[in-house]
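First the structure, in the form of C-alpha coordinates, and then the observations on it.
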Amino acid sequence: MYNKLVHKEARLALVGLGYVGLPIALEFAKKISVIGFDINEERLTMMRQGIDPCKELDSEAFENADIEFTSSIDDLRKASFFIVAVPTPIDDHNQPDLTPLLGATRSVAKALKKGDYVVYESTVYPGCTEEDCIPVLEEISGLKAGVDFKFGYSPERINPGEKVHTLPNTIKIVSGCDPEALDTIAKVYELVVKPGVHRAPNVKVAEAAKIIENTQRDVNIALMNELSIIFSRIGINTYDVLEAAGTKWNFLKFYPGLVGGHCIGVDPYYLVYKANELKYHSQIISAGRFINDTMGGYIAKKLVKKLIGMGKGILGARVLVMGITFKENVADIRNSKVVDIINELKDFGVDVDVVDPYTDSEEVKKMYGFKLIEKPRDNYDAIVVAVSHDAYKNLDEKYFKSLTYDNAVLVDVKGMYRDKIHELKYWSL
103 MYNKLVHKEA
113 RLALVGLGYV
123 GLPIALEFAK
133 KISVIGFDIN
143 EERLTMMRQG
153 IDPCKELDSE
163 AFENADIEFT
173 SSIDDLRKAS
183 FFIVAVPTPI
193 DDHNQPDLTP
203 LLGATRSVAK
213 ALKKGDYVVY
223 ESTVYPGCTE
233 EDCIPVLEEI
243 SGLKAGVDFK
253 FGYSPERINP
263 GEKVHTLPNT
273 IKIVSGCDPE
283 ALDTIAKVYE
293 LVVKPGVHRA
303 PNVKVAEAAK
313 IIENTQRDVN
323 IALMNELSII
333 FSRIGINTYD
343 VLEAAGTKWN
353 FLKFYPGLVG
363 GHCIGVDPYY
373 LVYKANELKY
383 HSQIISAGRF
393 INDTMGGYIA
403 KKLVKKLIGM
413 GKGILGARVL
423 VMGITFKENV
433 ADIRNSKVVD
443 IINELKDFGV
453 DVDVVDPYTD
463 SEEVKKMYGF
473 KLIEKPRDNY
483 DAIVVAVSHD
493 AYKNLDEKYF
503 KSLTYDNAVL
513 VDVKGMYRDK
523 IHELKYWSL
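Residue 451 in my numbering sits at position 349 of the sequence shown, and the numbers go up by one each step.
Right, dumping it as C-alpha coordinates:
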(Lines of atoms letter the chains of each structure in order from A; the text may use other names.)
(Lines give C-alpha, C1' and ligand atoms only; values in the text may rest on other atoms or scores of the structure.)
Protein backbone atom coordinates (compact mmCIF):
# COMPACT_ATOMS: atom_id res chain seq x y z
CA MET A 103 0.00 0.00 0.00
CA TYR A 104 2.73 2.47 0.94
CA ASN A 105 4.60 2.01 -2.35
CA LYS A 106 1.39 2.33 -4.35
CA LEU A 107 0.59 5.63 -2.63
CA VAL A 108 4.09 7.01 -3.16
CA HIS A 109 4.05 6.08 -6.86
CA LYS A 110 0.49 7.43 -7.19
CA GLU A 111 -0.84 4.03 -8.15
CA ALA A 112 -3.28 4.36 -5.23
CA ARG A 113 -4.97 7.40 -3.69
CA LEU A 114 -5.52 8.60 -0.15
CA ALA A 115 -8.93 9.98 0.85
CA LEU A 116 -9.42 12.45 3.67
CA VAL A 117 -13.01 12.26 4.93
CA GLY A 118 -14.04 15.48 6.66
CA LEU A 119 -12.38 18.74 5.58
CA GLY A 120 -12.73 20.99 8.59
CA TYR A 121 -10.13 22.50 10.93
CA VAL A 122 -8.40 19.12 11.19
CA GLY A 123 -9.06 17.39 7.89
CA LEU A 124 -8.17 20.11 5.41
CA PRO A 125 -4.62 20.80 6.70
CA ILE A 126 -3.93 17.05 6.73
CA ALA A 127 -5.31 16.59 3.22
CA LEU A 128 -3.26 19.45 1.79
CA GLU A 129 -0.09 18.25 3.51
CA PHE A 130 -0.47 14.78 2.01
CA ALA A 131 -1.34 16.33 -1.37
CA LYS A 132 2.20 17.69 -1.57
CA LYS A 133 3.49 14.10 -1.67
CA ILE A 134 0.75 11.81 -3.00
CA SER A 135 -2.60 11.93 -4.80
CA VAL A 136 -5.46 12.86 -2.47
CA ILE A 137 -9.25 12.87 -2.57
CA GLY A 138 -10.78 15.42 -0.20
CA PHE A 139 -14.29 14.26 0.74
CA ASP A 140 -16.88 16.40 2.51
CA ILE A 141 -20.69 16.57 2.53
CA ASN A 142 -20.84 20.39 2.57
CA GLU A 143 -21.00 21.60 -1.04
CA GLU A 144 -20.61 25.26 -0.10
CA ARG A 145 -17.33 24.53 1.66
CA LEU A 146 -16.15 22.34 -1.23
CA THR A 147 -16.75 25.19 -3.69
CA MET A 148 -14.58 27.48 -1.58
CA MET A 149 -11.80 24.90 -1.33
CA ARG A 150 -11.80 24.37 -5.09
CA GLN A 151 -11.13 28.11 -5.33
CA GLY A 152 -8.21 27.87 -2.92
CA ILE A 153 -10.12 29.30 0.04
CA ASP A 154 -10.09 27.74 3.50
CA PRO A 155 -13.62 28.09 4.97
CA CYS A 156 -12.07 27.93 8.46
CA LYS A 157 -9.76 30.88 7.67
CA GLU A 158 -6.75 29.00 9.02
CA LEU A 159 -4.83 28.44 5.76
CA ASP A 160 -3.93 30.94 3.06
CA SER A 161 -4.22 30.36 -0.68
CA GLU A 162 -0.57 29.23 -0.90
CA ALA A 163 -1.47 26.06 1.01
CA PHE A 164 -3.58 24.97 -1.98
CA GLU A 165 -0.91 25.62 -4.60
CA ASN A 166 0.50 22.56 -6.40
CA ALA A 167 -1.67 20.26 -4.29
CA ASP A 168 -2.63 17.00 -5.99
CA ILE A 169 -6.13 16.94 -4.55
CA GLU A 170 -9.66 16.41 -5.82
CA PHE A 171 -12.44 17.92 -3.69
CA THR A 172 -15.69 15.97 -3.86
CA SER A 173 -18.88 14.86 -2.11
CA SER A 174 -19.38 11.87 -4.40
CA ILE A 175 -19.18 8.31 -3.09
CA ASP A 176 -18.18 7.24 -6.60
CA ASP A 177 -15.13 9.51 -6.35
CA LEU A 178 -14.44 8.18 -2.86
CA ARG A 179 -14.24 4.67 -4.32
CA LYS A 180 -11.10 5.73 -6.20
CA ALA A 181 -9.21 5.74 -2.88
CA SER A 182 -7.52 2.83 -1.14
CA PHE A 183 -6.33 4.52 2.07
CA PHE A 184 -8.98 6.41 4.05
CA ILE A 185 -8.42 8.88 6.88
CA VAL A 186 -11.51 9.95 8.85
CA ALA A 187 -11.25 13.35 10.55
CA VAL A 188 -14.72 14.53 11.47
CA PRO A 189 -15.94 16.26 14.66
CA THR A 190 -16.91 14.24 17.71
CA PRO A 191 -19.15 16.61 19.70
CA ILE A 192 -21.32 16.07 22.76
CA ASP A 193 -25.09 16.40 23.07
CA ASP A 194 -27.11 18.62 25.40
CA HIS A 195 -26.55 16.11 28.22
CA ASN A 196 -22.75 16.05 27.75
CA GLN A 197 -22.92 12.57 26.23
CA PRO A 198 -20.80 11.61 23.19
CA ASP A 199 -22.54 12.33 19.90
CA LEU A 200 -21.10 9.92 17.34
CA THR A 201 -23.47 11.01 14.56
CA PRO A 202 -20.80 12.70 12.38
CA LEU A 203 -18.30 9.89 13.01
CA LEU A 204 -20.69 7.07 12.17
CA GLY A 205 -22.01 9.01 9.18
CA ALA A 206 -18.47 9.33 7.82
CA THR A 207 -17.88 5.65 8.59
CA ARG A 208 -20.92 4.67 6.51
CA SER A 209 -19.60 6.75 3.60
CA VAL A 210 -16.23 5.00 3.80
CA ALA A 211 -17.91 1.60 4.08
CA LYS A 212 -19.70 2.17 0.77
CA ALA A 213 -16.34 2.78 -0.90
CA LEU A 214 -14.33 0.09 0.90
CA LYS A 215 -12.60 -2.68 -1.08
CA LYS A 216 -10.38 -5.63 -0.26
CA GLY A 217 -6.87 -4.50 0.62
CA ASP A 218 -7.92 -1.00 1.70
CA TYR A 219 -6.86 0.84 4.87
CA VAL A 220 -9.03 2.96 7.20
CA VAL A 221 -7.46 5.25 9.81
CA TYR A 222 -9.45 7.31 12.31
CA GLU A 223 -8.15 10.66 13.60
CA SER A 224 -11.28 11.90 15.41
CA THR A 225 -10.99 12.12 19.19
CA VAL A 226 -12.96 9.31 20.85
CA TYR A 227 -13.09 7.29 24.07
CA PRO A 228 -10.88 4.18 24.25
CA GLY A 229 -12.61 1.35 22.42
CA CYS A 230 -14.74 3.47 20.10
CA THR A 231 -12.86 2.61 16.90
CA GLU A 232 -13.10 -1.15 17.39
CA GLU A 233 -16.47 -1.29 19.16
CA ASP A 234 -18.48 1.37 17.32
CA CYS A 235 -16.85 2.10 13.96
CA ILE A 236 -15.42 -1.18 12.71
CA PRO A 237 -18.74 -3.10 13.00
CA VAL A 238 -20.35 -0.45 10.76
CA LEU A 239 -17.57 -0.82 8.20
CA GLU A 240 -17.95 -4.60 8.23
CA GLU A 241 -21.74 -4.64 8.04
CA ILE A 242 -22.06 -2.24 5.09
CA SER A 243 -19.00 -3.36 3.11
CA GLY A 244 -19.42 -7.08 3.74
CA LEU A 245 -15.68 -7.24 4.43
CA LYS A 246 -13.84 -8.56 7.49
CA ALA A 247 -11.63 -6.18 9.46
CA GLY A 248 -8.04 -7.34 9.80
CA VAL A 249 -8.53 -9.83 6.98
CA ASP A 250 -10.08 -8.03 4.00
CA PHE A 251 -9.11 -4.53 5.11
CA LYS A 252 -6.77 -3.04 7.70
CA PHE A 253 -7.52 -0.28 10.17
CA GLY A 254 -5.81 1.92 12.72
CA TYR A 255 -6.05 5.05 14.80
CA SER A 256 -3.82 8.12 14.69
CA PRO A 257 -5.17 10.97 16.82
CA GLU A 258 -5.16 14.46 15.37
CA ARG A 259 -2.97 17.08 17.00
CA ILE A 260 -4.03 20.07 14.91
CA ASN A 261 -4.23 23.18 17.11
CA PRO A 262 -6.29 26.00 15.52
CA GLY A 263 -4.37 29.27 15.42
CA GLU A 264 -1.05 27.48 16.00
CA LYS A 265 1.69 28.49 13.55
CA VAL A 266 4.64 26.61 15.08
CA HIS A 267 3.40 23.19 16.20
CA THR A 268 1.74 22.32 12.90
CA LEU A 269 1.20 18.85 11.43
CA PRO A 270 4.65 18.57 9.79
CA ASN A 271 6.39 19.65 13.01
CA THR A 272 4.54 17.51 15.55
CA ILE A 273 5.21 13.87 16.47
CA LYS A 274 2.27 11.70 15.40
CA ILE A 275 0.90 8.80 17.42
CA VAL A 276 0.00 5.84 15.19
CA SER A 277 -1.58 2.47 15.87
CA GLY A 278 -2.85 -0.45 13.82
CA CYS A 279 -5.00 -3.55 14.06
CA ASP A 280 -1.91 -5.73 13.57
CA PRO A 281 1.87 -5.29 13.05
CA GLU A 282 1.49 -5.08 9.27
CA ALA A 283 -1.13 -2.35 9.53
CA LEU A 284 0.93 -0.44 12.10
CA ASP A 285 4.00 -0.52 9.88
CA THR A 286 2.14 0.70 6.81
CA ILE A 287 0.24 3.43 8.66
CA ALA A 288 3.48 4.63 10.27
CA LYS A 289 5.23 4.85 6.89
CA VAL A 290 2.34 6.78 5.35
CA TYR A 291 2.33 9.40 8.11
CA GLU A 292 6.11 9.68 8.01
CA LEU A 293 5.66 11.13 4.53
CA VAL A 294 4.34 14.35 6.09
CA VAL A 295 5.59 14.37 9.71
CA LYS A 296 9.22 15.46 10.04
CA PRO A 297 9.85 14.47 13.71
CA GLY A 298 8.49 10.99 13.02
CA VAL A 299 5.84 8.87 14.67
CA HIS A 300 5.26 7.16 18.00
CA ARG A 301 4.01 3.61 17.51
CA ALA A 302 1.40 2.82 20.16
CA PRO A 303 1.03 -0.88 21.04
CA ASN A 304 -2.66 -0.95 20.13
CA VAL A 305 -5.60 1.19 19.05
CA LYS A 306 -7.05 1.68 22.54
CA VAL A 307 -3.74 3.06 23.84
CA ALA A 308 -3.64 5.59 21.01
CA GLU A 309 -7.26 6.61 21.67
CA ALA A 310 -6.56 7.00 25.39
CA ALA A 311 -3.38 8.99 24.78
CA LYS A 312 -5.26 11.58 22.77
CA ILE A 313 -8.09 11.98 25.20
CA ILE A 314 -5.81 12.47 28.21
CA GLU A 315 -3.78 15.13 26.38
CA ASN A 316 -6.84 17.36 26.44
CA THR A 317 -8.19 16.11 29.76
CA GLN A 318 -4.92 16.91 31.52
CA ARG A 319 -5.03 20.47 30.20
CA ASP A 320 -8.70 20.85 31.14
CA VAL A 321 -8.11 19.70 34.72
CA ASN A 322 -5.08 21.95 35.18
CA ILE A 323 -6.95 25.00 33.90
CA ALA A 324 -9.84 24.11 36.21
CA LEU A 325 -7.42 24.17 39.14
CA MET A 326 -6.25 27.64 38.10
CA ASN A 327 -9.86 28.81 37.76
CA GLU A 328 -10.71 27.55 41.23
CA LEU A 329 -7.60 29.24 42.63
CA SER A 330 -8.69 32.44 40.91
CA ILE A 331 -12.06 32.29 42.66
CA ILE A 332 -10.36 31.74 46.02
CA PHE A 333 -7.73 34.45 45.50
CA SER A 334 -10.39 36.94 44.43
CA ARG A 335 -12.10 36.44 47.78
CA ILE A 336 -8.79 36.85 49.58
CA GLY A 337 -8.15 40.05 47.64
CA ILE A 338 -4.94 39.09 45.85
CA ASN A 339 -4.17 38.90 42.13
CA THR A 340 -3.97 35.39 40.66
CA TYR A 341 -1.27 36.34 38.17
CA ASP A 342 0.90 37.79 40.94
CA VAL A 343 0.59 34.48 42.79
CA LEU A 344 1.39 32.41 39.69
CA GLU A 345 4.37 34.59 38.85
CA ALA A 346 5.79 34.07 42.33
CA ALA A 347 5.07 30.33 42.40
CA GLY A 348 6.53 29.97 38.90
CA THR A 349 10.01 30.75 40.19
CA LYS A 350 10.21 27.15 41.42
CA TRP A 351 11.74 24.85 38.76
CA ASN A 352 9.00 22.21 38.82
CA PHE A 353 5.93 24.45 39.03
CA LEU A 354 3.68 23.80 36.02
CA LYS A 355 2.55 26.97 34.28
CA PHE A 356 -1.17 27.01 33.61
CA TYR A 357 -3.45 30.04 33.74
CA PRO A 358 -7.14 30.67 34.47
CA GLY A 359 -9.52 31.27 31.60
CA LEU A 360 -12.53 30.18 29.61
CA VAL A 361 -12.35 26.62 28.29
CA GLY A 362 -14.47 26.17 25.18
CA GLY A 363 -14.12 24.95 21.64
CA HIS A 364 -14.51 21.48 20.20
CA CYS A 365 -11.55 19.82 21.96
CA ILE A 366 -10.58 20.65 25.55
CA GLY A 367 -14.12 21.56 26.59
CA VAL A 368 -15.59 18.42 25.03
CA ASP A 369 -13.12 15.53 25.08
CA PRO A 370 -13.06 14.93 28.87
CA TYR A 371 -16.76 14.09 28.69
CA TYR A 372 -15.89 11.18 26.39
CA LEU A 373 -13.59 9.76 29.05
CA VAL A 374 -16.20 10.34 31.77
CA TYR A 375 -18.73 8.50 29.60
CA LYS A 376 -16.42 5.52 29.22
CA ALA A 377 -15.67 5.48 32.94
CA ASN A 378 -19.41 5.48 33.75
CA GLU A 379 -19.88 2.62 31.29
CA LEU A 380 -17.30 0.69 33.33
CA LYS A 381 -19.13 1.52 36.59
CA TYR A 382 -16.58 4.09 37.74
CA HIS A 383 -17.67 7.62 38.60
CA SER A 384 -15.00 10.16 37.69
CA GLN A 385 -14.12 12.52 40.53
CA ILE A 386 -11.40 14.90 39.35
CA ILE A 387 -12.30 15.03 35.65
CA SER A 388 -15.99 15.72 36.34
CA ALA A 389 -15.17 18.34 38.97
CA GLY A 390 -12.84 20.08 36.55
CA ARG A 391 -15.51 20.09 33.86
CA PHE A 392 -18.02 21.61 36.29
CA ILE A 393 -15.66 24.43 37.24
CA ASN A 394 -14.70 25.26 33.67
CA ASP A 395 -18.28 25.06 32.39
CA THR A 396 -19.45 27.57 35.02
CA MET A 397 -16.71 30.19 34.62
CA GLY A 398 -18.68 32.26 32.11
CA GLY A 399 -21.50 32.70 34.59
CA TYR A 400 -19.02 33.44 37.37
CA ILE A 401 -17.37 36.22 35.34
CA ALA A 402 -20.74 37.78 34.47
CA LYS A 403 -21.88 37.77 38.11
CA LYS A 404 -18.54 39.24 39.18
CA LEU A 405 -19.02 42.09 36.70
CA VAL A 406 -22.55 42.75 37.94
CA LYS A 407 -21.25 43.02 41.51
CA LYS A 408 -18.53 45.43 40.37
CA LEU A 409 -21.12 47.62 38.63
CA ILE A 410 -23.31 47.65 41.73
CA GLY A 411 -20.26 48.53 43.82
CA MET A 412 -19.63 51.51 41.52
CA GLY A 413 -23.18 52.72 42.12
CA LYS A 414 -24.40 51.81 38.64
CA GLY A 415 -27.82 50.40 37.87
CA ILE A 416 -27.85 46.96 36.28
CA LEU A 417 -31.06 47.10 34.26
CA GLY A 418 -30.10 48.77 30.99
CA ALA A 419 -26.40 49.02 31.83
CA ARG A 420 -24.29 49.03 28.66
CA VAL A 421 -21.47 46.49 28.34
CA LEU A 422 -19.08 45.87 25.46
CA VAL A 423 -17.74 42.31 25.07
CA MET A 424 -14.57 42.10 22.98
CA GLY A 425 -14.03 38.67 21.43
CA ILE A 426 -16.41 35.74 21.00
CA THR A 427 -14.27 33.01 19.44
CA PHE A 428 -13.42 30.03 21.65
CA LYS A 429 -9.74 31.05 21.74
CA GLU A 430 -7.47 33.80 20.49
CA ASN A 431 -6.66 34.43 16.82
CA VAL A 432 -9.11 31.93 15.32
CA ALA A 433 -12.51 32.27 13.65
CA ASP A 434 -14.05 29.23 15.38
CA ILE A 435 -17.00 30.06 17.63
CA ARG A 436 -18.15 26.52 18.42
CA ASN A 437 -18.79 25.96 22.13
CA SER A 438 -17.46 29.42 22.98
CA LYS A 439 -17.81 30.08 26.70
CA VAL A 440 -17.85 33.83 26.04
CA VAL A 441 -21.48 33.23 25.07
CA ASP A 442 -22.15 32.20 28.68
CA ILE A 443 -20.95 35.63 29.83
CA ILE A 444 -23.15 37.36 27.27
CA ASN A 445 -26.27 35.35 28.07
CA GLU A 446 -25.82 35.74 31.83
CA LEU A 447 -25.46 39.51 31.47
CA LYS A 448 -28.57 39.66 29.29
CA ASP A 449 -30.48 37.69 31.93
CA PHE A 450 -29.62 40.50 34.36
CA GLY A 451 -31.12 43.03 31.92
CA VAL A 452 -27.77 44.33 30.68
CA ASP A 453 -27.54 45.76 27.14
CA VAL A 454 -24.62 43.88 25.54
CA ASP A 455 -22.66 44.74 22.39
CA VAL A 456 -20.19 42.20 20.99
CA VAL A 457 -17.27 42.77 18.62
CA ASP A 458 -14.73 40.34 17.18
CA PRO A 459 -12.42 41.02 14.21
CA TYR A 460 -11.70 37.34 13.62
CA THR A 461 -15.12 35.83 12.99
CA ASP A 462 -18.23 36.35 10.89
CA SER A 463 -21.36 38.04 12.24
CA GLU A 464 -23.68 35.81 10.22
CA GLU A 465 -22.06 32.69 11.69
CA VAL A 466 -22.59 34.11 15.18
CA LYS A 467 -26.22 34.90 14.34
CA LYS A 468 -26.79 31.40 13.00
CA MET A 469 -25.21 29.66 15.99
CA TYR A 470 -26.15 31.94 18.91
CA GLY A 471 -29.02 34.15 17.76
CA PHE A 472 -27.38 37.58 17.89
CA LYS A 473 -25.16 39.61 15.59
CA LEU A 474 -21.84 41.30 16.18
CA ILE A 475 -21.52 45.04 15.76
CA GLU A 476 -18.87 46.27 13.32
CA LYS A 477 -17.12 48.60 15.75
CA PRO A 478 -17.60 49.64 19.38
CA ARG A 479 -19.88 52.54 20.22
CA ASP A 480 -19.25 54.67 23.30
CA ASN A 481 -20.62 55.41 26.75
CA TYR A 482 -20.28 51.86 28.02
CA ASP A 483 -20.55 51.13 31.73
CA ALA A 484 -18.14 48.22 31.39
CA ILE A 485 -15.92 46.45 28.90
CA VAL A 486 -15.14 42.73 28.98
CA VAL A 487 -12.02 41.73 27.03
CA ALA A 488 -12.98 38.08 26.77
CA VAL A 489 -10.48 36.79 24.18
CA SER A 490 -6.79 37.71 24.01
CA HIS A 491 -6.63 38.32 20.25
CA ASP A 492 -3.37 39.79 18.97
CA ALA A 493 -5.45 42.69 17.66
CA TYR A 494 -6.22 43.68 21.27
CA LYS A 495 -2.76 43.36 22.81
CA ASN A 496 -1.58 46.92 22.17
CA LEU A 497 -4.74 48.65 23.37
CA ASP A 498 -4.25 50.98 26.32
CA GLU A 499 -6.30 52.60 29.05
CA LYS A 500 -6.80 55.72 26.94
CA TYR A 501 -8.57 53.62 24.31
CA PHE A 502 -10.87 51.94 26.84
CA LYS A 503 -11.68 55.27 28.51
CA SER A 504 -12.70 56.71 25.14
CA LEU A 505 -15.45 54.08 24.98
CA THR A 506 -16.78 54.36 28.54
CA TYR A 507 -18.51 56.55 31.07
CA ASP A 508 -16.59 57.69 34.13
CA ASN A 509 -16.14 55.02 36.81
CA ALA A 510 -16.38 52.23 34.25
CA VAL A 511 -15.33 48.63 34.88
CA LEU A 512 -12.78 46.74 32.76
CA VAL A 513 -12.91 42.95 33.01
CA ASP A 514 -9.71 41.51 31.55
CA VAL A 515 -10.40 37.76 31.43
CA LYS A 516 -6.87 36.72 30.44
CA GLY A 517 -4.99 39.39 32.38
CA MET A 518 -3.54 41.08 29.28
CA TYR A 519 -3.61 44.57 30.77
CA ARG A 520 -2.41 43.78 34.25
CA ASP A 521 -0.38 46.73 35.64
CA LYS A 522 -1.52 48.91 32.70
CA ILE A 523 -4.92 50.05 34.00
CA HIS A 524 -4.94 52.69 36.75
CA GLU A 525 -8.14 54.74 36.49
CA LEU A 526 -10.79 52.27 35.36
CA LYS A 527 -12.09 49.73 37.87
CA TYR A 528 -10.02 46.70 36.82
CA TRP A 529 -10.60 43.00 37.44
CA SER A 530 -9.19 39.82 35.93
CA LEU A 531 -9.36 36.12 36.73
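For glycine and all other residues, C-beta sits at the position ideal for the given N, C-alpha and C.
Since the model is a prediction, treat every value here as computed from it, not as a measurement.
Limits of the beta strand (DSSP E) - the one that residue i falls within
i           : result
residue 332 : Not the beta strand (DSSP E): residue 332 falls in the alpha helix (DSSP H), residues 305 to 336.
residue 170 : 169 to 172
residue 483 : 482 to 487
residue 114 : 114 to 117
residue 520 : Neither: residue 520 is in no beta strand (DSSP E) and is coded neither H nor E.
residue 479 : Looking at the DSSP string, residue 479 is not in any beta strand (DSSP E), and its letter there is neither H nor E.
residue 529 : 527 to 530
Residue interval of the alpha helix (DSSP H) (run including residue i)
i           : result
residue 62  : Absent from the model: residue 62. The displayed extent of the chain is 103 to 531, so no value can be given.
residue 500 : 499 to 504
residue 108 : 104 to 108
residue 126 : 123 to 130
residue 344 : 340 to 347
Helix, strand or coil at residue i [DSSP, three-state]
i           : result
residue 388 : helix
residue 204 : helix
residue 378 : helix
residue 181 : coil
residue 210 : helix
residue 422 : strand
residue 393 : helix
residue 191 : coil
residue 515 : coil
residue 361 : coil
residue 163 : helix
residue 198 : strand
residue 301 : strand
residue 141 : coil
residue 493 : helix
residue 369 : helix
residue 508 : strand
Burial state of residue i, where buried means 16 or more other Cβ atoms lie within 10 Å
i           : result
residue 529 : buried
residue 267 : exposed
residue 446 : buried
residue 484 : buried
residue 498 : exposed
residue 218 : buried
residue 451 : exposed
residue 243 : buried
residue 348 : exposed
residue 458 : buried
residue 182 : buried
residue 224 : buried
residue 420 : buried
residue 154 : buried
residue 379 : exposed
residue 195 : exposed
residue 362 : buried
residue 364 : buried
* Can you find at least 3 beta carbon pairs, one from the segment 418 to 438 and one from the segment 477 to 493, that sit closer than 8 Å? -> Cβ pair count under 8 Å is three or more, so yes.
* Would you list, in sequence order, the uninterrupted alpha helix (DSSP H) runs of no fewer than 4 residues that lie entirely inside the segment 212 to 295? => Correct list: 236 to 243, 281 to 292.
* Would you list, in sequence order, the uninterrupted beta strand (DSSP E) runs of no fewer than 3 residues that lie entirely inside the segment 441 to 473? => Look at the segment 441 to 473 and you find these whole runs of beta strand (DSSP E), each 3 residues long or longer: 453 to 457.
* Asked: Do the segment 323 to 332 and the segment 354 to 374 make contact, defined as three or more Cβ pairs closer than 8 Å?
  -> Yes, the segment 323 to 332 touches the segment 354 to 374.
* At least 3 beta-carbon pairs within less than 8 Å: the segment 104 to 116 vs the segment 134 to 142 -> Contact holds: three or more Cβ-Cβ distances are below 8 Å.
* Does the pairing of the segment 503 to 520 with the segment 382 to 394 give three or more beta-carbon distances under 8 Å? -> Contact between the segment 503 to 520 and the segment 382 to 394 is absent, because fewer than three Cβ pairs lie under 8 Å.
* contact_flag[the segment 440 to 453, the segment 161 to 170] where n(CB pairs < 8 Å) is 3 or more -> Verdict: no, contact absent.
* Asked: Per the contact definition of three or more C-beta pairs closer than 8 Å, is the segment 119 to 126 in contact with the segment 175 to 191?
  -> Taking 8 Å as the limit for Cβ pairs, the verdict is that the segment 119 to 126 does touch the segment 175 to 191.
* Report yes or no: do three or more beta-carbon pairs, one from the segment 326 to 341 and one from the segment 461 to 481, lie closer than 8 Å? => The segment 326 to 341 vs the segment 461 to 481: no contact.
* Could you tell me whether the segment 301 to 311 touches the segment 268 to 282, where touching means 3 or more Cβ pairs closer than 8 Å? => With the cut-off at 8 Å, the segment 301 to 311 and the segment 268 to 282 touch.
* **Validate contact between the segment 365 to 372 and the segment 399 to 410 using beta carbons, cut 8 Å, 3 pairs** => The segment 365 to 372 vs the segment 399 to 410: no contact.
* Is the segment 229 to 236 in contact with the segment 244 to 259, if contact means three or more CB pairs nearer than 8 Å? -> Cβ pair count under 8 Å is three or more, so yes.
* If we count Cβ pairs, one from each stretch, closer than 8 Å, do we get three or more for the segment 203 to 210 versus the segment 234 to 247? -> The segment 203 to 210 vs the segment 234 to 247: in contact.
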